[in-house]
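**Student:** Okay, handing you the structure first.
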Amino acid sequence: MQLCVVHQIRHSLKYISHADRKNFLKDLKEVYKASTKELAEGNLLILEEKWGKKYRMVIDSWKRNWDHLSGYFKYPEDIRRIIYTTNAIEGLHRQVRKFTKSKAAFTSETALFKTLYCAIKIVGEKWTQPIHNWAKIISQLHIFFGDRIKTELR
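Residue numbering for the sequence shown follows my numbering, starting at 1 and increasing by one per position.
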């Protein structure tokens with residue numbers, strides 16, 4: 001089980017004053033973007049020292065969920081970039097909202113369906129684009145998951 005880092009960040013920002021968000025996010029990024037779990041844990045302690053008195057609830061949430069949130073540190077950076085968030089459906093919804101948010105109303109159900117169809121068709125084009133460093137990533141996945149990764153070498 002791995003909780004989604006993106007959702008944890010969003011949850012945290014609900015409780016950070018607008019004036020502190022930029023600086024807090026800069027410090028928080030040192031936690032979830034660290035190169036190793038040990039470095040991330042050290043950065044989490046630094047974050048707690050700096051912000052713990054002001055935002056105790058947020059720091060406690062990170063500490064309480066740390067075992068699940070930090071699961072992705074066992075993988076190399078290229079794989080981490082792919083599993084950084086676990087909610088692909090939310091990503092699709094976000095992309096579709098870009099197309100529908102400018103519409104105050106639709107003239108009919110058919111108009112709505114046509115808009116959604118076009119949005120998904122455009123968004124779907126991105127799904128066929130190759131993943132950056134895929135050859136390296138698939139090799140790393142094979143190390144971790146062995147026979148679960150099926151590849152054909154010719």
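All C-beta atoms, glycine included, are put in the ideal place defined by N, C-alpha and C.
Please confirm if the region 37-47 is in contact with the region 59-72, defined as three or more CB-CB distances below 8 Å between the two stretches.
**Tutor:** Result yes; three or more Cβ-Cβ pairs closer than 8 Å.
**Student:** Do the CB positions of residue 96 and residue 116 come within less than 8 Å of each other?
**Tutor:** Position 96 of the sequence shown, counted from the start, is the residue given in the question as residue 96. Position 116 of the sequence shown, counted from the start, is the residue given in the question as residue 116. In this structure, residue 116 lies closer than 8 Å to residue 96 by Cβ.
**Student:** Could you have a look at residue 113 and say whether DSSP puts it in helix, strand or coil?
**Tutor:** On the sequence shown, residue 113 is found 113 positions in, with the first residue counted as 1. Residue 113 falls in the helix class under three-state DSSP.
**Student:** Taking residue 8 as the reference, which of 32, 17, 19 and 20 has the closest Cα?
**Tutor:** Your numbering for residue 8 matches position 8 in the sequence shown. The shortest C-alpha separation from residue 8 is found at 32.
**Student:** Between residue 179 and residue 98, what straight-line distance do the alpha-carbon atoms span, to the nearest angstrom?
**Tutor:** Beyond the ends of the chain as shown, which are 1 and 154, falls residue 179; an answer cannot be given.
**Student:** Pick helix, strand or coil for residue 131, following the three-state DSSP scheme.
**Tutor:** Residue 131 sits at position 131 when you count from the first residue of the sequence shown. It is coil, neither helix nor strand.
**Student:** Does the beta-carbon of residue 35 have 16 or more other beta-carbons within 10 angstroms, so that it is buried, or is it exposed?
**Tutor:** Numbered from 1 along the sequence shown, position 35 holds the residue referred to as residue 35. Per the 10 Å Cβ criterion, exposed.
**Student:** Quick check on DSSP: helix, strand or coil for residue 145?
**Tutor:** Within the sequence shown, numbered from 1, the residue matching residue 145 stands at position 145. Here residue 145 sits in helix by DSSP.
**Student:** Assuming residue 61 is part of the alpha helix (DSSP H), what are its boundary residues?
**Tutor:** For the purposes of this step, residue 61 is taken as residue 61 along the sequence shown, with counting starting at 1. Looking at the DSSP string, the run of the alpha helix (DSSP H) that includes residue 61 is 56-69.
**Student:** Using C-beta distances below 8 Å, list every residue in its chain close to residue 57, excluding the 5 sequence neighbours before and after it, in chain order.
**Tutor:** In the sequence shown, counting from the first residue as 1, residue 57 sits at position 57. Contacts found: 15.
**Student:** What distance in whole Å lies between the Cβ atoms of residue 69 and residue 5, which are believed to be in contact at a cut-off of 8 Å?
**Tutor:** On the sequence shown, residue 5 is found 5 positions in, with the first residue counted as 1. On the sequence shown, residue 69 is found 69 positions in, with the first residue counted as 1. With a Cβ gap of about 6 Å, residue 5 and residue 69 count as contacting.
**Student:** Can you tell me whether DSSP reads residue 100 as helix, strand or coil?
**Tutor:** Counting from 1 along the sequence shown, the entry for residue 100 is found at position 100. Residue 100: helix per DSSP, three-state reduction.
**Student:** Applying the criterion that 16 or more other CB atoms from any shown protein chain within 10 Å of the CB defines a buried residue, is residue 79 buried or exposed?
**Tutor:** Counted from its first residue, the sequence shown places residue 79 at position 79. By the neighbour-count rule (16 or more Cβ atoms within 10 Å), residue 79 is buried.
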